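Trainee: Residue 34 in my numbering sits at position 34 of the sequence shown, and the numbers go up by one each step. By construction, the Cβ of each residue, glycine as well, lies at the ideal position given by its N, Cα and C atoms. Only a predicted model underlies this, so the values are computations on that prediction, with no experimental measurement involved.
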Amino acid sequence: MPRTTAATRPAKPDAPQARFRLRVTAGDVIAIGPGKIALLEAVARTGSITTAAKSLDMSYRRAWMLLDELNSQLKSPAVDSSKGGQHGGGTALTPVGERLVETYRRIETTAEKATATDMRALVRLLNR
1 MPRTTAATRP AKPDAPQARF RLRVTAGDVI AIGPGKIALL EAVARTGSIT
51 TAAKSLDMSY RRAWMLLDEL NSQLKSPAVD SSKGGQHGGG TALTPVGERL
101 VETYRRIETT AEKATATDMR ALVRLLNR
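(1) With C-beta atoms as the reference, is L129 less than 9 Å away from L100?
(2) Mind checking who A92 pairs with in its DSSP beta bridge?
(3) Put E41 into one of helix, strand or coil per three-state DSSP.
(4) List the whole-angstrom C-beta distance separating L40 from G90, where the pair is believed to meet the contact cut-off of C-beta under 8 Å.
(5) Taking 7 Å as the limit between beta carbons, can you name the residues of its chain near T94, skipping five residues before and five after?
(6) Could you please give the first and the last residue of the uninterrupted alpha helix (DSSP H) stretch that includes A53?
Here you go:
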């Protein structure tokens, strides 16, 4: 079981928290961000855009648009969909999609660890 430290311990529900929300933009478009990464993780877990969207309280149309937008920003697609048929269709992450999620989460973890002391100091300045 992982060790719980002050930096990793869950905060009380209404306690102030400092969080990173990494976004990579291309012009005015958020090419990579927390919502798209969460959607990729849900697709990887469920094998379905529909089920992934439902698990995130998102419409299928919104999920499809986010994935289409993401794929258009990448050199290679992050997801691969197969049409339904006798055995049904499905969606899976490509190696690029898997690498994207892994790299994004690694950057988040590295940034959180590197700034944990400063983040706690920042939160202590809040009136709560």
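Mentor: So, to answer that:
(1) Here the chain has residues from 1 to 128 only, and residue 129 is not among them.
(2) When DSSP reads this structure, A92 sits in a beta bridge with D80.
(3) helix
(4) With a Cβ gap of about 15 Å, L40 and G90 do not count as contacting.
(5) Excluding sequence neighbours, T94 sits near S76, P77, A78, V79, D80.
(6) Its alpha helix (DSSP H) spans residues 49-55.
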